[in-house]
Amino acid sequence: SGHEPPVEDLPLPADFAWGTATAAYQIEGGASQDGKGKSIWDTYSHLEPSHTNGENADISCDHYNRMPEDVELMNSLGVDVYRFSISWSRVIPLGGRNDPVNEKGVAFYNGLIDRLLAHGIAPVVTLYHWDAPQEIYNRYGAFLNTEEFRADFERYARLCFTRFGDRVKKWVTFNEPYIISIFAHLNGTLAPGHCREAGTDTKTEPWRVGHTIILSHAAVVDMYAQDFGPSQKGDISIVLNGHFYEPYDAASPADRDAAERRMVFYMGWFADPVLLGTDYPAEMRAYLGARLPEFTADERALLRRTAPINAFYGMNHYSTKYARALSEPPAADDWTGNIEESSVNSEGKETGPVSGLGWLRVAPSGFRKLLNWVWKRYRVPIIITENGCPCPGEDDVVTAVDDKFRQRYLGLYLDAISRAIYEDGVVVKGYYVWSLMDNYEWSAGYSARFGIVHVDFKTLQRTPKNSAYYLRDTFRSRRKAAS
Ligand code: GBH
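Add 20 to the 1-based position in the sequence shown for the UniProt record's numbering, that's all there is to it.
Below you can see the structure in the form of structure tokens.
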């Protein structure tokens with residue numbers, strides 16, 4: 021648009037880690053190979069009529085069968101870290117605590133971890149990136165039954181720590197609990213799309229799902245600290261996503277409150293109990309009343325005990341929005357804190373140039389402000405566990421590989437991290453770009469390409485985009501400049 025500053029390639033600390041990120045369902049394929057069980061995404065992506073652009077990830081990037089090539093690719097780009105997720109139903113096909121383990125699934129992840137380490141790439145492992153075993157959803161509604169889910173998730177986590185924890189030193193329990201609660205259980209645009217079924221209650225279920233995630237997370241952190249941490253000496257935490265919100269009208273105190281409240285409802289919902297060990301934010305209690313579950317005395321003790329164990333704030337961040345206060349009192353089923361969001365403010369100014377997806381605009385100054393917001397509230401080192409974008413018009417391989425829009429986005433967002441570190445005193449330890457390669461973008465199917473490596477979904481050929489080389493080179497020079 022010409023309004024954003026050019027990329028400055030500002031310095032980053034010498035020990036700042038860079039990596040790539042993916043998720044099992046989005047890249048693996050091998051949907052029923054070697055004894056893998058079905059996940060809720062295997063079901064959701066095959067619904068008729070389709071909720072996923074007519075596409076599924078039965079094959080996707082076929083990473084399950086091409087893993088060595090993909091690790092080699094990362095090695096050639098000089099990454100320090102690879103963040104991936106384990107498919108629960110690949111290692112425990114039925115998912116439950118008394119169900120059998122699939123040794124072939126375990127062997128796949130052992131092979132991946134060993135190959136990464138042989139190249140000096142550190143694995144960062146997410147236990148849950150949205151693909152619950154279908155069977156636990158059939159049995160008890162998965163996240164809708166807190167006690168059952170927690171017990172099954174604990175057993176799954178214990179299996180992962182036991183089999184992989186000698187070599188994995190960074191664990192993430194859940195990816196984006198907000199999205200699981202709101203998108204999968206309130207507006208239903210992600211699996212299981214529960215709210216579409218008869219007899220569901222969207223007033224209370226999203227909050228119960230969030231409650232299940234917080235307690236399951238805390239239980240697994242507790243277990244790791246007691247049974248594995250002393251010998252394995254790894255870090256564990258959670259990954260939260262969220263936009264930065266600017267007031268729709270900067271002169272309006274109500275809009276300024278709305279922007280703050282929106283972020284509390286998005287990130288504070290999970291980060292306050294998990295990282296501070298406190299109750300849900302007071303603003304949420306005030307708006308949601310009895311819709312928000314209570315923590316028992318034992319659960320409060322668990323949260324207080326485990327909060328300081330979380331070693332980092334895993335931040336997935338993509339964009340900025342405006343928040344406008346609604347003058348009406350909150351509707352009985354409102355979940356936002358009575359605000360309306362937009363990408364244009366009261367003066368007609370846009371948050372930034374639009375990417376290949378409407379919700380994602382280039383707004384690096386909002387990113388810097390969010391880093392400050394999180395640091396001030398939680399005082400825990402931040403790792404950017406996802407950031408990236410699809411380019412506008414990225415539909416043929418020539419424009420896709422010469423991805424100037426993405427290079428500029430990534431460069432500006434890295435500059436924002438540098439400013440947050442050196443000018444604002446925020447502690448940021450690493451940056452994992454989303455994503456290693458083009459993949460299955462959930463309900464958007466293959467229509468949005470987030471990769472720094474192009475994938476031809478007919479031939480499955482991988483071709484690094486210019487942004488991949490840009491990241492390789494910029495981390496080389498930015499980090500030298502800092503040391
Ligand atoms: C992350 O989700 C995921 O962790 C990752 O798997 C995903 O591929 C990546 O980001 C890129 O999207 O159309 O206005 O309703 C980000 C959370 C949830 C953000 C759905 C966009 C749709 C907004 N996303 N949301 S809208």
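Using N, Cα and C, we set each Cβ at its ideal position, and we do this for glycine too.
This structure is a prediction, so every number in the text was calculated from the model and none was measured.
Quick one: residues in its chain with C-beta nearer than 7 angstroms to the C-beta of L479, no 5 flanking neighbours on either side, listed in chain order? Position check: residue 479 holds Thr in this sequence, whereas Leu was assumed. For T479, where only same-chain residues beyond five positions count, there are no Cβ hits under 7 angstroms.
Work out the CA separation of L456 and residue 506 for me, nearest whole Å. Here the chain covers residues 21 to 503 and nothing more, so residue 506 does not appear.
With a cut-off of 8 angstroms on the beta carbons, I'd call N336 and E406 a contact; round off their distance for me. About 4 angstroms; that satisfies the 8 angstroms criterion.
Please name the residue in I233, L67, S52, G471 whose C-alpha comes closest to that of P212. If we check each option's Cα against that of P212, L67 comes out closest.
Is H205 near the ligand GBH, with its Cβ less than 8 angstroms from a heavy atom? The answer is no for H205.
Pull up the distance between the alpha-carbon of L93 and that of R305, whole angstroms please. Going by the C-alpha atoms only, they are around 48 angstroms apart.
How should P328 be labelled, buried or exposed, when 16 other C-beta atoms within 10 angstroms of its C-beta is the threshold for buried? With fewer than 16 neighbouring CB atoms inside 10 Å of its own CB, P328 falls in the exposed class.
How about G49: is its Cβ closer than 8 angstroms to a heavy atom in the ligand ZN? In the structure shown, the ligand ZN is absent; the only ligands present are the ligand GBH.
W289 - partner residues in DSSP beta bridges: Paired residue(s): none; W289 is not in a bridge.
Limits of the unbroken beta strand (DSSP E) element including T405: 402-406 is the extent of the beta strand (DSSP E) around T405.
Inspect the CB distances between the region 440-452 and the region 460-479 and report whether three or more fall short of 8 angstroms. Result no; under three Cβ-Cβ pairs closer than 8 angstroms.
Taking 9 angstroms as the cut-off, decide whether the C-beta atoms of T193 and R103 are in contact. Between T193 and R103, the C-beta gap is not smaller than 9 angstroms, which leaves the two residues out of contact.
What do you get for R428, buried or exposed, if any count of 16 or more other CB atoms within 10 angstroms of its CB means buried? Burial state of R428 is buried, judged by a 10 Å Cβ sphere holding 16 or more other Cβ atoms.
In three-state DSSP terms, what is K485? In the three-state scheme derived from DSSP, where H, G and I count as helix and E and B as strand, K485 is classed as coil.
Should L323 and I233 be called a contact, given that it needs their Cβ atoms to be closer than 9 angstroms? No, the pair does not count as a contact, with Cβ atoms beyond the cut-off.
Once DSSP output is grouped into helix, strand and coil, what is the label at V475? Here V475 sits in strand by DSSP.
List the whole-angstrom C-beta distance separating R282 from A343, where the pair is believed to meet the contact cut-off of C-beta under 8 angstroms. Right, their Cβ atoms sit about 4 angstroms apart.
Just verifying my parser: in three-state terms, what is the DSSP assignment at S251? If DSSP states are grouped into helix, strand and coil, S251 belongs with the helices.
Taking the straight line between their C-alpha atoms, what separation do you get for D242 and V294? So the two alpha carbons sit approximately 12 angstroms from each other.
Under the three-state reduction of DSSP, which class applies to N207: helix, strand or coil? The answer is coil: DSSP assigns N207 none of H, G, I, E or B.
Could you tell me whether the Cβ atoms of A345 and A274 are closer together than 9 angstroms? Less than 9 angstroms separates the beta-carbon of A345 from that of A274.
Pick from P226, N195, G376, V188 that is closest to F203, judged by C-alpha positions: Closest option to F203, Cα to Cα, is P226.
Residue closest to W61, alpha-carbon to alpha-carbon, out of L260, G116, S107, K485: For the residues L260, G116, S107, K485, the minimum Cα distance to W61 belongs to S107.
Where V364 falls, given that 16 or more other Cβ within 10 Å makes a residue buried: Within a 10 Å sphere around the beta-carbon of V364 sit fewer than 16 other beta-carbons, which makes this residue exposed.
Is any heavy atom of the ligand GBH found at a distance shorter than 8 angstroms from the C-beta of E461? Taken from the Cβ of E461, at least one heavy atom of the ligand GBH lies inside 8 angstroms.
Counting only runs that start and end within the region 348-384, where is the beta strand (DSSP E) found for 3 or more residues in a row? 359-362, all fully within the region 348-384.
Compare the Cα-Cα distances from I359 to each of A279, V374, F332, P25 and report the closest residue. Looking at A279, V374, F332, P25, the one whose alpha-carbon comes closest to that of I359 is A279.
Using CA coordinates, which residue listed in P412, R399, H263 is at the minimum distance from P384? The candidate whose alpha carbon is nearest that of P384 is H263.
Starting from the Cα of E123, find the closest Cα among V111, I133, G115 and give me that residue. Taking only the C-alpha atoms, the option nearest E123 is V111.
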